[in-house]
Structures are given as structure tokens and as C-alpha cells.
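Asker: Residue numbers (our numbering), protein chains in the order written: chain A, 130 to 409; chain B, 1002 to 1325.
All C-beta atoms, glycine included, are put in the ideal place defined by N, C-alpha and C.
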Amino acid sequence: MTAWRTAAAAALLCAGCGTPPSAPLPPVGARTVDANARAATSVRAGDYAAAARRYEEALALARSVEDVDAIAANAINLSVVYQWMGREGSARDALKIVLDDARRAFPERRRLQAELRRAILELATGDRAAAAEWTARAERRCERLACELAPALLNVKSQLALDGGQPAEAARLAQAAADAARSRGDRVEQANALRNAGRARLANGEHPAAVAALEQALAIDHSLADPRKIHADLIELARASAAAGDRDAARGYLERAQTVSHAARDPRGLDEMEVQLRLR
Amino acid sequence: MSEEFQPPVRFPHLLAKVNAFLLVGLLLVLTFVGIVAHKQGWFVHQTMIRVITPDALGISTGMPVKLFGFTIGSVREMHLVSGGVDVQLGIMSQHMPRIPKGSRARFARESGVIGASVIEIIPGKPISGELVEGEQIEFDRSRGISEIVEEFRRQAAPAFAELKQALSQVNRTGEDVVVILAALRAEAEQLPATHKAMRRLIENADRATADISRQAGAALQSAQRASESIERSAPALAGKLATTLDSIDGAVGQLRQTAAEAQETLRGVRPVIDRSESAMRDASEVFSAAKRVWPLSDAFKDTPDATLPIDSFEARGAPGPGRQ
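(1) For residue 291/A, which residues of its own chain have a beta-carbon under 8 Å away from its beta-carbon, when the five flanking residues on both sides are left out?
(2) Please check if any C-beta of chain A sits within less than 8 Å of the C-beta of residue 1101/B.
(3) For residue 1226/B, which three-state DSSP category applies?
(4) Quick one: residues in its chain with C-beta nearer than 8 Å to the C-beta of residue 1326/B, no 5 flanking neighbours on either side, listed in chain order?
(5) So, helix, strand or coil for residue 1080/B, using DSSP?
(6) Just by C-beta distance, which residues in the stretch 1240-1261 of chain B are closer than 9 Å to chain A?
(7) State the Cα-Cα distance for the pair residue 390/A and residue 267/A, rounded to the nearest angstrom.
(8) Using C-beta distances below 6 Å, list every residue in its chain close to residue 356/A, excluding the 5 sequence neighbours before and after it, in chain order.
(9) Tell me whether residue 213/A is buried or exposed, calling it buried when 16 or more other Cβ atoms sit within 10 Å of its Cβ.
(10) Give a yes or no on whether the minimum CB-CB distance between residue 170/A and chain B is below 8 Å.
(11) Cβ atoms of residue 345/A and residue 1084/B: under 8 Å apart, would you say?
(12) Going along chain C in order, which residues have a C-beta closer than 7 Å to the C-beta of residue 1315/B?
(13) Take the Cβ of residue 164/A as the centre, count every other Cβ of all protein chains shown within 10 Å, and call the residue buried at 16 or more, exposed below.
(14) Alpha carbon to alpha carbon, what distance is there between residue 1031/B and residue 1008/B?
(15) At 4 residues or longer, what runs of the alpha helix (DSSP H) sit wholly inside the stretch 348-386 of chain A?
(16) Counting contacts by CB-CB distance shorter than 8 Å, is residue 1167/B in contact with chain A?
(17) Find the residues of chain A that neighbour residue 1311/B, judging by a C-beta separation of less than 9 Å, and give them in chain order.
(18) What did DSSP end up calling residue 1244/B once you bin it into helix, strand or coil?
(19) Under the DSSP definition of a beta bridge, which residues are partnered with residue 1052/B?
(20) Might you give, ordered along the chain, the residues of its own chain that have their beta carbon closer than 6 Å to the beta carbon of residue 1067/B, omitting 5 neighbours on each side?
(21) Within 8 Å, do at least three Cβ pairs link the stretch 1054-1062 of chain B to the stretch 1023-1030 of chain B?
(22) Between the stretch 268-283 of chain A and the stretch 297-311 of chain A, are three or more C-beta pairs nearer than 8 Å?
(23) Is it right to say residue 242/A is buried, meaning 16 or more other beta carbons lie within 10 angstroms of its own, or is it exposed?
(24) Is the CB-CB distance between residue 227/A and residue 204/A below 8 Å?
(25) Please decide whether residue 284/A counts as near chain B, where near means a Cβ-Cβ distance under 8 Å.
(26) Would you grab the beta carbon distance between residue 1096/B and residue 1073/B for me? Rounded to a whole angstrom, and I think it's under 8 Å.
(27) Within 10 Å of its beta-carbon, does residue 377/A have 16 or more other beta-carbons around it, so buried, or fewer, so exposed?
(28) Say whether chain A places a C-beta atom closer than 8 Å to the C-beta of residue 1236/B.
(29) Taking only the alpha-carbon atoms, compute the straight-line gap between residue 304/A and residue 283/A and give it to the nearest angstrom.
(30) Residue 225/A lies in the alpha helix (DSSP H); which residues open and close that run?
(31) List the residues of chain A that residue 1308/B touches, going by C-beta distances under 7 Å, in chain order.
(32) Looking only at DSSP bridge pairs, what is residue 1351/B linked to?
(33) With DSSP run on the structure shown, which of helix, strand or coil describes residue 200/A?
(34) Can you list, in chain order, the residues of the stretch 314-348 of chain A whose Cβ is nearer than 7 Å to any Cβ on chain B?
(35) Just confirm the distance between the C-beta atoms of residue 1253/B and residue 1183/B, as a whole number of angstroms; I'd bet it's less than 8 Å.
(36) Roughly how far, in whole angstroms, is the beta-carbon of residue 220/A from the beta-carbon of residue 211/A, given that I think they are within contact range, below 8 Å?
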């Protein structure tokens, strides 16, 4: 009797296994959250193509329910990922979703983020005039530099001033950025500000001050564990040490930068390193 | 002869009394000052040691310095130096033998992560010798609660996403099982009718056999014996078939019960999942609200939303952070 029952149950279960699944679609909100979570996982894994696909999916879902905040957030995320992929044009197009649409009531915070992202993108592609224009727009939206993005905004202005041959102004802005970041506990932008301050001091001929600022930036970047920034700090420290006449220290920093670059398998870092080693 | 007139004295020995009062007052003031000085450790000889920290956030003058949870001194002075902040620690000299060379200092909080800030000394090995006045020790900056929360969030978010995905798969699979069991139930409901039809077939076969035996007559005795044999065996076969059908009926009943229980379980699990999601959302809101309230607001930074960080470092055209 028991054998009969077991056989019947097994046969029924086998028949159940052969039935195709008929899964109902989850709600849009849950799918958006899933797409965002998978995109974040892809970003952490360095798979930017997959991350871009997920953010596009999340953007489409947000558009289907007219969630303006989610639309803006995913457009900004797409611009970041596209920039990492070297697709600056696509990054610019993604930001236009927020910047060129005056009809949708995007939150002010998102508009500010998009404007600052656009300034960063333009500066990265070497268009300083456009970068300055978008920075000014973002600054008007960030009243009296009291917004959460004030440190990043000041850092972009500092880089613009440095690229424009105004190291003293760049150092002043970097110091303001460092103070703002410190008061907000924003260690990422604090390190960026100290790095900018170091570069500005170096351009101004203040070599010991440049080394001190860059050492502080390196200490923070070590705690943040970002190899790109550690590499940048070490390169700047090598330049500052060489300018100060300390060739041994400069060589040490360059070798450390080379190790970081090799370990991170960063081709751009390696290219830059080749240039530095030839200079040495 | 009259006595010399003595004018009445209203306050005899007034000067002595005033002097005594002033003396007692002065003594009280001196005693108070002495007690305050004693409490402040003015009479205790202190040895200064130094730590250099790249970031003096949270450290302030007067902050207690503790060894094994016992206050042994305080932060005396702080000033900026190249590469960070030089923090001078005043340690009661009587405790210096407990702080050998190789000791380390770290920024910590009493009672876990939200207590008062202190500098904690972690003693090194005693064989290294004692620290001397003005000597520097290493400083470890412990992780802040915001960094701990951020790390927890970073590690927990993928786990929650996978858990959610697994639950949705379980949910879908559960619905498949429900569909299968419903189909099975429909089939099982047909089984009694089939059972009855088989019984009718057997009875008809029985009657047909009897008719054939009557019509064949004596000349067909061999056929009659055969039909009798069939007649004898047919009830046994029918009995066996009936037993088998009863077994199948029982198995189907049991399966039906199992399906009902599975459906009940799924119905019971779904509110639990919904409630846990709701509870997690509520906890998140409470946590967010608590983070905005002083004094916790200083210890927390805002949890980032779904937007990737906007980093001014990208203005240099740097590659992505996760590129391998």
C-alpha cells in the first residue's frame, strides 16, 4: 500500500516538473528596485555594460509610471556609467533627459545633481567654457553654497581655476571645498579638495605645502580604498617631491604608483606611469 | 563719691568678631579652591605624550584618556602640524609604568558607538621599556558609525536583493504547485465515476458469462466449465480491482489534503513576508528619523539614495572605480 502511494506521489510530482511556469509580472516598483540593485551589483563588479543595461531598464520603468525623481536618478546614474565606459556623448544625452525638459517637475536636488554632473563631464572632455557655464548654473541653484553638493561644486571650480592658470584662486577654492567637506563629513570630497590644494600649491611653487596637502589626501584615500585616487595622489606627490628637489622621494612615490597601477590593472594609469618613468 | 560714667557698648568685641568672620570665609574659599584643584589634578604630576592624527574630528581638549576603561589623563593641547594634528596627552605620572613603549592610542566611544568620546590607550609589550616625557605613540583612528553603517549597507543590500529574488521565485513556484494540484484535484474528482463504471462493466461481464452458460447447454460442458471458472475468478478480480481503486482513492484524498495544507501554508507565509517588509521599512524610517535628531545627527551622515555618488574626481576623466 505504501509503495503504491509513494509511486503515485512520485509520478504526480514528475508530471508537475514538466509543467511550464506561469509567473505573473511583479509590480513596476519592485522591478525598478530589482533593476537598480542589479545595476549596483554590476557597478561593483566593474561590468559597466551590464550596469548601463539595468539603469536603462530602470529608467524605462520609471518613465512608464512617470516617477520624475526615479527618472532623474536613473538618468544621472546612466550618465555616470556611460562616462566610465568612455561614451561621453551618451552620458551627455542621458543628462539631457533632466536638463532639457522644463515641463517635468524634477526635484531641485536632481536638477542640481544633473547640472553638476554635466559640468564634471564637460571638464573631463576638456570643454572648459561649457564646464564653467554648467558650474555657474549649479552654483545658482546651490544657494550660498549651502547645498549638499557644495564641496564637489567648489572642487570643480578649483580645477577650472587651476586649468585656467590661476593657482592661487584654485588653492583658495580647494581650501573652501576642504572646509565644506570636513564640516559635512564628506571624506571623498575632502580628499579631492586636498588633492586639488596640493596641485594648486605645486603650481604656485609652494612645494612643502603641496606635499603636506597631498599626504593628507593620500591618508584619506587609503581609508576610502580607491586605487584610482591613491594612484593620482602618488603621482602628484612624486611631482611635488621632484619639484622640491627630493628625487629619492619622488622615485619612491612613482614606484608605489606603478605598483598600485599594476595591481588595479588600470591601463590609463599605466600609460601615465610610462610617461613619468621616461621623465625620471 | 560717684563712679565714673561708662557709656553703654552695643557691640562688644565687634572688631574681633568681624576678623573671625573674615578668617572663616577666607578658609572656606581656600578649601573650595583646594578641592577644585585636587579634582582637576593640579597636585598630580603629569607626563605629556603625543600622538599625531591625520584627522582630529571628534577629538577635543579635555577629552579623557583611558587605560582599560580607567581615566588616567586627558587631552591637553592640539595644534596643526605637517601631515595632521599633534595631540598632547597629559597622563598621570603614577600610571606611566603601565604604558610601555610600543603602546598605541585610538579614538573610541564609551558604551559602544554612541557614548562619550575618549582616547583609549592600548598598552604594548612591557619588555620594551617605559615611555618618557614628550614621546610619540601611534594613533589608530577607529571607524565611525557612519562607516560601519555604510559597510553594513554595502554588504547587506545584495543579500537582501537575492533574498527578495529567491522569495519571488518561491512565490512563483508555489503558484505552479497550486495550479498542478488543482488539475490533480479535478482528475481525482473523476475517479469515483470511473470506479463505478468499472464495477458496472464487471457486473455486465458476470451476467454475460451466466447467459452464455445457460445457452450453451450440456453439449458445451467444457465451455461451461470454463465459464464457471471465469465466474469463480471474476468476483476475486473485481474484489482486487475494488481494493486497488480504494487505495488510489485514499492516495488522492491524501494528496488533496496535502495540497490544501500547502495552499494554507503559502497563504500563511505571504502575510509574514509582507509584514517583514513593512517592518523593515518602518525600522528604516525610525532609523532615518533618529539619525536626524541631535546628538545622533553628528554621528551619522545621510544614507545615500539610489544615485551613484557625484564625485568631482571624475572631472579628470578617470576610469570607473570597479574596473578590473
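Answerer: In terms of the structure at hand:
(1) 299, 325, 328, 329, 332
(2) no
(3) helix
(4) Residue 1326/B is absent from the model: chain B starts at 1002 and stops at 1325.
(5) strand
(6) 1245, 1248, 1249, 1251, 1252, 1253, 1255, 1256, 1259
(7) 34 Å
(8) 389, 393
(9) buried
(10) yes
(11) yes
(12) Structure shown: chain C not included; protein chains present are A and B.
(13) buried
(14) 40 Å
(15) 356-372
(16) no
(17) 205, 209, 242, 245, 246, 249, 278, 281
(18) helix
(19) 1088/B, 1138/B
(20) 1119, 1121
(21) no
(22) yes
(23) buried
(24) yes
(25) yes
(26) 4 Å
(27) exposed
(28) no
(29) 9 Å
(30) 217-228
(31) 202, 205, 206, 242
(32) What the structure shows of chain B is the stretch from 1002 to 1325, and residue 1351/B is not part of that stretch, so it cannot be assessed.
(33) helix
(34) 314, 317, 318, 321, 341, 344, 345, 348
(35) So it is not a contact: roughly 13 Å between Cβ atoms.
(36) 4 Å
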